[in-house]
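K.L.:
Before I ask anything, here is the structure I am working with.
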Amino acid sequence: MKSPVVKRSIVVAGHKTSVSLEEAFWNGMKEISGLRNITLSELVGEIDSNRQQGNLSSAIRLFVLDYFRTRAQAAAAPVAEAKPPVADKVS
Numbered sequence: 001m002k003s004p005v006v007k008r009s010i011v012v013a014g015h016k017t018s019v020s021l022e023e024a025f026w027n028g029m030k031e032i033s034g035l036r037n038i039t040l041s042e043l044v045g046e047i048d049s050n051r052q053q054g055n056l057s058s059a060i061r062l063f064v065l066d067y068f069r070t071r072a073q074a075a076a077a078p079v080a081e082a083k084p085p086v087a088d089k090v091s
């Protein structure tokens, strides 16, 4: 399944820039920013300020991947079964 790249303008740290991402990544960014109650520009600004290398589009893709991977792992983690406490033996 091929997803076309969509180019959008966004303000990051007071500067307008264009970012090219597949629609699935834009949708993921919108979902994450909504859950965090911040704007898309604020979220992209956070990602931009924390990236170590590479271009902004790559940093955003990695952020979205990591975010949803972490959520999936948390959802798949088995819930620890409640075990009754071990009673101390009194001799």
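Here the sequence shown stands for residues 1 to 91, where the numbers follow full-length UniProt numbering.
Backbone N, C-alpha and C fix where the C-beta goes; we use that ideal spot for every residue, glycine too.
1. Helix, strand or coil for THR70? Go by DSSP, reduced to three states.
2. Given a threshold of 16 other Cβ atoms within 10 Å of its Cβ, counted over all protein chains shown, does SER91 qualify as buried or as exposed?
3. Determine contact between the region 8-17 and the region 31-46, defined as no fewer than three beta-carbon pairs at a distance below 8 Å.
4. If you scan the UniProt domain "Ribbon-helix-helix" (6-68) from start to end, which runs of the alpha helix (DSSP H) of 4 or more residues do you find wholly inside it?
5. Can you find a C-beta in chain C that's less than 8 Å from the C-beta of GLN53?
6. With DSSP run on the structure shown, which of helix, strand or coil describes ALA77?
P.N.:
Based on what the coordinates show:
1. helix
2. Confidence at SER91 is low in this model, with a pLDDT of 48, below 50, so its placement is unreliable and no value can be given for it.
3. yes
4. 23-35 and 40-50
5. The structure shown contains no chain C; it is built from a single protein chain.
6. coil
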